[in-house]
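Q: Quick note: the sequence shown uses our numbering, first residue 131, plus one each step.
Cβ atoms here follow ideal geometry from the backbone N, Cα and C, with glycine treated the same way.
Handing you this structure, nothing more for now.
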Amino acid sequence: MSGTEGYANEAPALLRQYEALDFATVHRRILHLVPAVPARVLDIGAGTGRDAAALAALGHSVVAVEPTAELRIQAALLHPSPAITWLDDSLPELAAVTGSFALVLLTA
């Protein structure tokens with residue numbers, strides 16, 4: 131069983147749960163680390179896209195990495211934004227990710 135199989139099986143429930151939570155509330159303890167000016171941000175394990183969408187709304191260019199197709203596809207539909215680039219990739223390789231980032235978000 132891959133490390134993401136459970137996420138695929140539970141995608142509909144996870145979409146409801148994660149999207150019901152506000153980015154600022156979930157990340158209140160680290161909001162001071164989010165760049166104040168538009169920057170390039172990496173969201174590893176982007177899930178439903180909630181965080182990527184919030185960061186894009188702040189003016190950031192977001193690379194959202196999500197290996198679970200059931201989440202990634204729905205996230206891209208739920209949060210369409212030219213500021214978000216969706217990638218099918220995962221740790222530890224992150225083979226599709228290039229360049230540097232002002233902020234790397236990795237939450238579960």
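Sort out for me which residues DSSP pairs R170 with in a bridge.
A: Its beta-bridge partners are S191.
Q: For L207, count the other beta carbons within 10 Å of its own beta carbon; 16 or more makes it buried, fewer makes it exposed. Which is it?
A: exposed
Q: Tell me the rounded alpha-carbon separation between A138 and L235.
A: Each residue's CA atom was taken as its position, placing A138 and L235 some 21 Å apart.
Q: Using a Cβ-Cβ cutoff of less than 7 Å, which residues in the same chain neighbour G189 once the five nearest sequence positions on both sides are dropped?
A: Excluding residues within five positions, the ones whose Cβ falls inside 7 Å are P168.
Q: In the DSSP output, which residue or residues are listed as bridge partners for T215?
A: V193
Q: Of the residues L233, W216 and A232, which one's Cα is nearest the Cα of G177?
A: W216
Q: Between the Cα of L233 and the Cα atoms of T155, I174 and P222, which residue gives the shortest distance?
A: I174
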